[in-house]
Amino acid sequence: MCWNGAWISWKPSPSARCCPGCPAGEVPLEPDVDVLVIGAGIHGAGVAQAAAAAGYRVRVVERTAIAAGSSSRSSKLVHGGLRYLETHQYALVYKALRERDRLVRLAPDLVRLVPFTIPVYPDTRRRPWQLRLGLTLYALLGGLRAASRYHVLSAERRQQLPLRQEGLQAVFRYLDGQTDDVALTRAVLRSAQELGAQLLCPATFLGGTVMEDGVRVEYGQDGRSRQMQCRVVVNAAGPWVNRVLAKVTPRPVGLPIDLVQGTHIVLDHPAPNEVYYVEAPQDQRAVFVMPWQGRMLVGTTETLYEGDPARVAPRPAEIEYLQTVFRHYFPGLSDTVRDSFAGLRVLPKAPGSLTGRARDTRLHREPERVLTVYGGKLTGYRATAEEVMRELRPLLPPVPRKADTRTLRLTPVAGDLAP
15 MCWNGAWISW KPSPSARCCP GCPAGEVPLE PDVDVLVIGA GIHGAGVAQA AAAAGYRVRV
75 VERTAIAAGS SSRSSKLVHG GLRYLETHQY ALVYKALRER DRLVRLAPDL VRLVPFTIPV
135 YPDTRRRPWQ LRLGLTLYAL LGGLRAASRY HVLSAERRQQ LPLRQEGLQA VFRYLDGQTD
195 DVALTRAVLR SAQELGAQLL CPATFLGGTV MEDGVRVEYG QDGRSRQMQC RVVVNAAGPW
255 VNRVLAKVTP RPVGLPIDLV QGTHIVLDHP APNEVYYVEA PQDQRAVFVM PWQGRMLVGT
315 TETLYEGDPA RVAPRPAEIE YLQTVFRHYF PGLSDTVRDS FAGLRVLPKA PGSLTGRARD
375 TRLHREPERV LTVYGGKLTG YRATAEEVMR ELRPLLPPVP RKADTRTLRL TPVAGDLAP
């Protein structure tokens, strides 16, 4: 459900009706809103905030609840993405580190820096010299700030860790960010509302007809079909983006995508004081073991998903995979699963493995007044929203700016706890 105080009802304005004598189906000259956002995940919330800050009239249509999809099923990390250096995604890491630092500064009650610990064993694929090189580059891309620097733990300190001690050769430690992804999304959306954005939740996008100077949108709310006019539509529906595009007339050609399932397990064990960044012994993939709501959160997996996004759920093989990783590094701790969840990432189709595929966000504008956000990272939501607004600005009227998202502070919505 939406939080108390959310704007969930709407009455058609006079501009929602064609003027007397207008041909049937003609878009009124004055739209109800400038920007309609479909989806109240982190990217939809970010676009709503950016558009409202720029001075535009904004509405968000959300089918179920705020952050109900992938935005509540992430690894809860606000980080640069150390592993993306291996695939030479330097610009992605640089931008993510810049956004991480901005969020730590603007949302200290929602995003905090925590120690990340990387153990090295004889069978670890990434050798100490490679980690030194990677962490040095990571620090350089982070501007050599204290938050981006690393150090190597002494043998005495290594022995105090709950890690498997046999064969432990080195332990690297650096700082990166952690958050409550739902609380962050809610805070961003509330910021958008404070700037004038309106939220329709629950409400379902039923279809849109693109005209020369706007889009006529039909949506369902309270068991009724309603209409509104907008200048542009931003499709931020996550795994449902191409299903949303299929409801637009004339029907646009979306990007071919893969849905990639990522599963996490919550272990019935007290939370660690840090995030452990380990290699899965099965396939050398990166896996995190981290504190979450007083327990241990372990994830994630990467497997193709071809079903209904609303029905995604952890698979037994994924749970066993993560338990095996945990037992390998923490043989003295219980691997009893208390809970599990699965989410979906959107990746444009490309050759090669899922792990090596680029994680850049893709903005696709077809037709001209419908922009679709493909992919995206939790950390970079604000920068992505800025890019969306740059793309759409030629289609929007000049208006006085209200605020700048680069300096807007974020605070938790009542009832949301710090991570």
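Just so you know, we're using my numbering here: the sequence shown kicks off at 15 and counts up by one.
Heads up, the beta-carbon is just placed ideally off N, CA and C, and yes, glycines get one too.
These numbers come from a predicted model, not from an experiment.
Self-check item: For G69 and V413, believed in contact at Cβ under 8 Å, the rounded distance
Solution: Contact holds; Cβ gap of about 4 Å.
Quiz item: Which residues in the same chain as Y395 place their Cβ atom closer than 6 Å to its Cβ, once the five residues preceding and following it in sequence are excluded?
Solution: Taken in chain order, the residues that qualify are I56, H57, G60.
Exercise. In the DSSP assignment, find the unbroken alpha helix (DSSP H) run with V1 in it and report its ends.
Key: Not covered by the structure: residue 1. The range shown for the chain is 15 to 433.
Self-check item: Inter-residue spacing [alpha-carbon to alpha-carbon] between A324 and T78
Solution: Spanning the two alpha carbons is a distance of roughly 11 Å.
Practice problem: Measure the alpha-carbon distance for M304 versus R163 and round it to whole angstroms. | Solution: Roughly 20 Å between the two C-alpha positions.
Quiz item: Which residues bound the alpha helix (DSSP H) around T150?
Solution: First-last of the alpha helix (DSSP H) with T150: 142-155.
Quiz item: Once you ignore the five residues that flank G39 on each side, which residues in its own chain have a CB closer than 6 Å to its CB?
Solution: With a pLDDT of only 46 at G39, under the threshold of 50, the placement of this residue in the model should not be trusted; the figure read from the coordinates follows. Hits under 6 Å: none found.
Exercise. Sort A105, E232, Q103, Q296 by Cα distance to V258 and report the nearest one.
Key: Considering only alpha carbons, the answer is E232.
Exercise. Return the Cβ separation of F340 and L281 in integer angstroms, given the expectation that the two are a contact with Cβ distance under 8 Å.
Key: Confirmed, Cβ separation roughly 7 Å.
Quiz item: Straight-line CA distance for A82 to R371?
Solution: When the Cα atoms are used, A82 and R371 turn out to be separated by approximately 26 Å.
Practice problem: Could you tell me if C33 is buried or exposed, where buried requires 16 or more neighbouring beta carbons within 10 angstroms of its beta carbon? | Solution: Bear in mind that a pLDDT of 34 at C33, under 50, signals an unreliable position, so the model cannot answer this.
Quiz item: What residues in its chain sit with their C-beta under 7 Å from that of S88, if we drop five residues either side in the sequence?
Solution: Answer for S88: D195, G357, L392, listed in chain order.
Quiz item: Is A169 close to chain D, meaning its C-beta is less than 7 Å from at least one C-beta of that chain?
Solution: The structure shown contains no chain D; it is built from a single protein chain.
Quiz item: What do you reckon, are the CB atoms on L311 and H278 nearer than 7 Å?
Solution: The beta carbons of L311 and H278 sit closer together than 7 Å.
Quiz prompt | Cβ pair L189, L106 closer than 7 Å | solution = In this structure, L106 does not lie closer than 7 Å to L189 by Cβ.
Self-check item: N- and C-terminal bounds of the beta strand (DSSP E) containing F130
Solution: Per DSSP, F130 belongs to the beta strand (DSSP E) from 125-134.
Quiz item: Could you give the distance in angstroms between the alpha-carbon of V255 and the alpha-carbon of E405?
Solution: For V255 and E405, the distance between alpha carbons rounds to 18 Å.
Quiz prompt | Residue span of the alpha helix (DSSP H) that contains Y98, given as start and end | solution = Run containing Y98: none; DSSP gives neither H nor E here.
Quiz item: Are there 16 or more other CB atoms within 10 angstroms of the CB of K363, so buried, or fewer, so exposed?
Solution: The residue in question, K363, is exposed, as its Cβ has fewer than 16 Cβ neighbours within 10 Å.
Quiz item: From R407 to G210, what distance separates their C-alpha atoms?
Solution: Each residue's alpha carbon lies about 18 Å from the other.
Quiz item: By Cβ distance, which residues of its chain are closer than 8 Å to C244, with the 5 residues on each side in sequence left out?
Solution: Non-local C-beta neighbours of C244 in its own chain, meaning closer than 8 Å and more than five positions away in sequence, comprise P45, D46, V47, D48, V49, L50, R73, G228, V229, V231, ordered along the chain.
Self-check item: DSSP state of E40 mapped onto helix, strand, coil
Solution: Any reading at E40 must be qualified, since the residue scores a pLDDT of 46, below 50, and its modelled position is unreliable; the value itself is stated next. Look at E40 here: in three-state DSSP terms it is coil, with no helix or strand label.
Quiz item: When you compare only the Cα positions, how much space is there between A434 and G308?
Solution: This structure cannot speak to residue 434, because the chain is shown only from 15 to 433.
Quiz item: What alpha helix (DSSP H) runs, 4 residues minimum, are completely inside the segment 347-407?
Solution: Every alpha helix (DSSP H) of 4 residues or more that sits fully in the segment 347-407 is shown, in chain order, as 395-406.
Self-check item: Beta-ladder partner(s) of N249, from DSSP
Solution: Paired residues: I52, T386.
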